[in-house]
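**Student:**
Chains as they are written, first to last, in our numbering: chain A, 7 to 418; chain B, 7 to 418.
#1: What does the alpha-carbon distance come out to for the pair residue 291 (chain B) and residue 297 (chain B)?
#2: Below 8 Å on the Cβ atoms is my guess for residue 217 (chain B) versus residue 235 (chain B); work out the distance and round it to an integer in Å.
#3: Beta-carbon of residue 35 (chain B) versus every beta-carbon of chain A: anything under 7 Å?
#4: For the alpha helix (DSSP H) containing residue 268 (chain B), name the first residue and the last one.
#5: Over what stretch of residues does the beta strand (DSSP E) that includes residue 10 (chain B) continue unbroken?
#6: Which residues of the region 90–108 of chain B have a Cβ closer than 8 Å to any Cβ of chain C? Give them in chain order.
#7: Check whether the Cβ atoms of residue 165 (chain A) and residue 263 (chain A) lie closer than 7 Å to each other.
#8: Work out the CA separation of residue 354 (chain B) and residue 4 (chain B) for me, nearest whole Å.
#9: To the nearest angstrom, how far is the alpha carbon of residue 134 (chain A) from that of residue 43 (chain A)?
#10: Whose Cβ in chain B lies nearer than 7 Å to the Cβ of residue 67 (chain A)?
#11: Is the CB-CB distance between residue 376 (chain A) and residue 386 (chain A) below 7 Å?
#12: For residue 379 (chain A) and residue 273 (chain A), I'd like the C-alpha separation in whole angstroms.
#13: Would you say the beta carbon of residue 324 (chain A) is closer than 6 Å to some non-hydrogen atom of the ligand COA?
#14: Would you mind working out which of B:295, B:283, B:141, B:301 sits nearest residue 312 (chain B), comparing C-alpha positions?
#15: Run down chain A in chain order and give the residues with a C-beta less than 8 Å from the C-beta of residue 64 (chain B).
#16: So residue 187 (chain B) and residue 364 (chain B) are in contact, right, with Cβ under 8 Å, and what is the actual spacing, rounded?
#17: With a floor of 3 residues, list each beta strand (DSSP E) that falls wholly inside the region 208–251 of chain B, ordered by position along the chain.
#18: Just grab the DSSP bridge partners of residue 145 (chain A) for me.
#19: Since residue 50 (chain A) contacts residue 16 (chain A) with CB under 8 Å, what's their CB separation in whole angstroms?
#20: State the DSSP-derived secondary structure class of residue 385 (chain B), mapped to helix, strand or coil.
#21: Work out the CA separation of residue 351 (chain A) and residue 396 (chain A) for me, nearest whole Å.
#22: If we define contact as Cβ-Cβ less than 7 Å, is residue 71 (chain A) a contact residue for chain B?
#23: What is the DSSP secondary structure of residue 201 (chain B), counted as helix, strand or coil?
#24: For a contact defined as C-beta to C-beta under 8 Å, what are the partners of residue 150 (chain A) on chain B?
#25: Are residue 110 (chain B) and residue 162 (chain B) touching if we call contact CB-CB under 7 Å?
#26: According to DSSP, what are the bridge partners of residue 318 (chain A)?
#27: Distance, Cα to Cα, residue 149 (chain A) vs residue 123 (chain B)?
#28: Nearest CA to the CA of residue 259 (chain B): which residue from B:415, B:96, B:35?
#29: Hey, could you find the ends of the alpha helix (DSSP H) residue 72 (chain A) is sitting in?
#30: Who are residue 348 (chain A)'s beta bridge partners in DSSP?
#31: So that I know if they touch, is there some Cβ in chain A lying closer than 7 Å to that of residue 142 (chain B)?
#32: Going by DSSP, what residue range makes up the beta strand (DSSP E) through residue 121 (chain B)?
#33: Buried or exposed: residue 81 (chain B), going by 16 or more other Cβ atoms within 10 Å of its Cβ?
#34: With H, G and I counted as helix, E and B as strand and the rest as coil, what does DSSP make of residue 174 (chain A)?
#35: Can you name the residues of chain A whose CB is closer than 7 Å to the CB of residue 78 (chain B)?
#36: So residue 96 (chain B) packs on residue 33 (chain B), CB below 8 Å; how close in whole Å?
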């Protein structure tokens with residue numbers, strides 16, 4: 007029988023009623039003849055509670071223990087979902103990551119999936135089981151310890167299963183009914199996109215659109231997984247939501263597809279760093295080793311052999327970045343005057359494949375922000391996006407102004 | 007280095023502060039030179055929350071999914087305890103049941119530990135690790151699925167580890183400072199016992215004294231594990247709490263050691279059962295297969311080839327018992343008129359090794375209850391205990407009256 011992967015996020019399984027509603031939707035697909043692999047997140051709020059406990063216990067936590075604790079939320083939902091399906095007379099059982107096993111790297115808290123053997127679950131499908139409920143977001147390292155894939159990792163789990171099992175489609179059920187031109191909570195002019203290219207979705211996801219996790223879109227692009235984002239709170243047709251697909255499948259599009267934002271950013275500046283070859287490598291290797299996800303990097307003009315180095319990273323990783331840099335300073339590996347952390351910044355980006363063939367997008371963006379009196383702190387660009395770091399208090403204003411200026415409320 | 011097992015129950019790890027307090031106590035033993043195996047329960051309330059979700063989802067749940075869900079509570083505590091110890095610079099890591107692996111039978115929700123390989127943890131001790139934190143209450147079946155040992159199973163986990171590692175002692179930290187002659191919440195005349203025999207402890211635990219789980223005491227008795235019950239909320243000396251030990255190590259004792267009670271009892275009566283050989287086997291095999299823990303059994307005098315059969319079981323298993331018996335009735339395996347469940351009963355027992363050599367304990371017990379106007383519904387006896395089922399509303403009165411009559415407030 008054809009296989010369908012259905013993924014339910016935290017708000018879609020937030021309590022027993024919602025789990026039942028999700029299970030009914032699974033039942034509909036089973037009735038159509040699919041063998042279904044359901045990937046579940048933790049009940050919403052649970053992961054935050056667990057992460058809070060870990061961080062309060064140990065600010066510079068052992069990521070292996072973090073993973074052991076935080077992965078428990080998904081296990082609970084997986085068992086409850088299997089029980090709910092059984093109550094509906096749908097043959098189902100749950101799998102925890104290590105039981106499949108979802109084989110990952112040893113990079114705890116941000117592990118990569120390396121292999122998903124299909125024999126175990128396929129055999130059960132052959133014996134009459136119709137739904138395999140798999141705890142998302144987790145796997146097992148070569149050392150036999152529990153790993154997690156990082157926040158939002160359940161999307162990645164879903165796409166990886168869809169690829170491994172050659173699924174007909176991978177439906178991501180969430181609390182929004184698709185991908186929007188920007189966050190509808192910031193402007194009611196935000197418009198749902200029927201289709202979006204993998205490339206644009208990648209930029210939107212990584213920039214904080216929060217609908218799909220970056221790696222899940224990368225994986226879907228690489229393995230040509232048909233990915234659909236849709237709401238678990240509305241009745242659905244087969245064409246609901248937003249289809250994330252190849253660029254060629256999109257007939258016509260705006261120059262800019264969307265405006266993304268990210269509140270969870272910190273701007274870190276190393277003052278008066280010795281400006282010599284290899285210094286950037288020293289800094290960013292140390293940060294990488296400490297598990298800090300550096301995003302934007304800017305190096306100021308050098309004066310008298312010293313320079314300022316600015317980078318951004320998630321707010322939650324500031325303490326870790328500070329420790330890593332203090333450590334290499336005290337061990338003599340790096341010389342700098344001061345490390346200044348600014349946690350009150352936000353990132354705003356415009357994204358669109360059309361930028362490749364249209365010039366002037368950057369100029370227009372800077373002009374719009376300037377007219378609103380918003381100071382730009384850091385700029386980075388790629389082929390299909392332009393991002394700026396600004397004071398967090400201006401974030402909503404910036405998004406609204408850019409959405410208006412690029413006329414994203416109107417379809418192409 | 008000598009190994010010590012320390013087990014912390016749910017109230018001893020109820021929040022991060024209490025986990026820190028427990029970790030400090032572990033640190034004291036590490037400083038004395040012990041390699042410590044810490045067994046943890048779920049934070050108090052967590053297991054009940056999980057069980058509640060399972061039962062609401064599926065009243066006649068698949069025990070394999072129940073185990074997958076309910077075991078997650080201990081995993082959280084194990085990781086948090088390991089992190090807390092690391093923060094105190096004590097080298098520690100957590101193990102979930104399947105990682106050790108704690109090999110159990112396939113009897114989900116009430117599995118028995120069959121083997122605990124020691125090589126994995128012993129190797130880590132050899133590499134400098136000082137504390138292995140193990141999630142209690144859980145293991146893995148031969149089929150590779152998660153099992154749980156039943157409520158209170160963390161005590162059993164602790165004793166099994168103490169036996170497997172040849173630990174010098176197994177300290178059970180709980181919310182009481184030892185074993186009492188009866189529940190101090192029922193009478194303030196309850197007195198802490200310095201020592202109690204394994205046999206007496208077995209009867210007290212299985213009868214609801216709630217200090218130690220029955221199987222843990224059985225295991226301790228079989229493997230001669232020195233078992234100490236003590237409070238995690240008071241400063242402790244090496245002789246605090248109650249030592250559970252061999253009968254020979256107790257110099258002098260009262261005829262009756264304690265009065266136990268159990269509120270969580272239901273009295274089930276099968277009316278008008280065909281009285282023929284094999285009928286009891288049919289009934290109790292069916293209940294056993296359904297996972298119902300039958301305690302007391304009474305068969306009334308037979309009239310005209312039919313009899314009434316009464317048994318008691320935990321209140322939570324009434325629905326399961328009813329279904330099992332209805333099933334064999336409808337399949338023609340058993341003929342009876344009606345099944346009557348009385349959930350408003352309680353069990354009260356007097357326990358003491360001294361009963362073996364002293365007569366008249368039963369007569370005295372029945373006289374005391376009669377004087378208080380308490381009707382006895384069912385009686386069972388063993389070599390060292392007498393139990394009665396009474397209306398639940400008289401439970402406290404019965405315990406107080408018996409404690410007074412046997413002068414348990416006075417040491418021997």
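For each residue, glycine too, the CB sits at the ideal point set by N, CA and C.
**Tutor:** In short, the structure shows the following:
#1: Whole-angstrom Cα-Cα distance: 10 Å.
#2: Between residue 217 (chain B) and residue 235 (chain B) a beta carbon distance of about 6 Å is seen, short of the 8 Å cut, so the two are scored as contacting.
#3: Not closer than 7 Å to any Cβ of chain A, the Cβ of residue 35 (chain B) fails to qualify, so no.
#4: Following the DSSP letters along the chain, one finds residue 268 (chain B) in no alpha helix (DSSP H) but inside the beta strand (DSSP E) bounded by residues 264–280.
#5: For residue 10 (chain B), the uninterrupted beta strand (DSSP E) run begins and ends at 9–14, by DSSP.
#6: Protein chains in the displayed structure are A and B, and chain C is not among them.
#7: No Cβ-Cβ contact shorter than 7 Å links residue 165 (chain A) with residue 263 (chain A).
#8: Outside the shown range of chain B, which is 7 to 418, sits residue 4 (chain B), and nothing can be said about it.
#9: Using only the alpha carbons, I get a separation of about 14 Å.
#10: Correct list: 89.
#11: In this structure, residue 386 (chain A) does not lie closer than 7 Å to residue 376 (chain A) by Cβ.
#12: Residue 379 (chain A) and residue 273 (chain A) have their C-alpha atoms spaced approximately 20 Å apart.
#13: Absent from the structure shown: the ligand COA. Ligands present: none.
#14: If we check each option's Cα against that of residue 312 (chain B), B:283 comes out closest.
#15: Within chain A, the residues placing a beta-carbon under 8 Å from that of residue 64 (chain B) are 89, 90, 92, 93, ordered along the chain.
#16: Not quite, the Cβ-Cβ distance comes to about 17 Å (not below 8 Å), so this is no contact.
#17: Listed in chain order, they are 233–237, 248–251.
#18: Residue 145 (chain A) pairs with A:153.
#19: At roughly 4 Å, the Cβ-Cβ gap stays under 8 Å, so residue 50 (chain A) and residue 16 (chain A) are in contact.
#20: The three-state secondary structure of residue 385 (chain B), taken from DSSP, is strand.
#21: Roughly 6 Å between the two C-alpha positions.
#22: Contacts with chain B at 7 Å (Cβ-Cβ) include residue 71 (chain A).
#23: The three-state secondary structure of residue 201 (chain B), taken from DSSP, is strand.
#24: By Cβ distance, chain B contributes 105.
#25: No; because the gap between Cβ atoms is not below 7 Å, this pair is not in contact.
#26: In DSSP, residue 318 (chain A) forms a bridge with A:273.
#27: Taken atom to atom, the span from the alpha-carbon of residue 149 (chain A) to that of residue 123 (chain B) is near 17 Å.
#28: Answer by Cα proximity: B:415.
#29: For residue 72 (chain A), the enclosing alpha helix (DSSP H) starts and ends at 69–76.
#30: A:273.
#31: With a threshold of 7 Å between beta carbons, residue 142 (chain B) makes no contact with chain A.
#32: That run of the beta strand (DSSP E) goes 119–121.
#33: With 16 or more other Cβ atoms within 10 Å, it is buried.
#34: Here residue 174 (chain A) sits in coil by DSSP.
#35: Listed by position along chain A, the residues whose Cβ is nearer than 7 Å to that of residue 78 (chain B) are 78, 81, 82.
#36: Their Cβ separation, rounded to whole angstroms, is 6 Å, which keeps residue 96 (chain B) and residue 33 (chain B) in contact under 8 Å.
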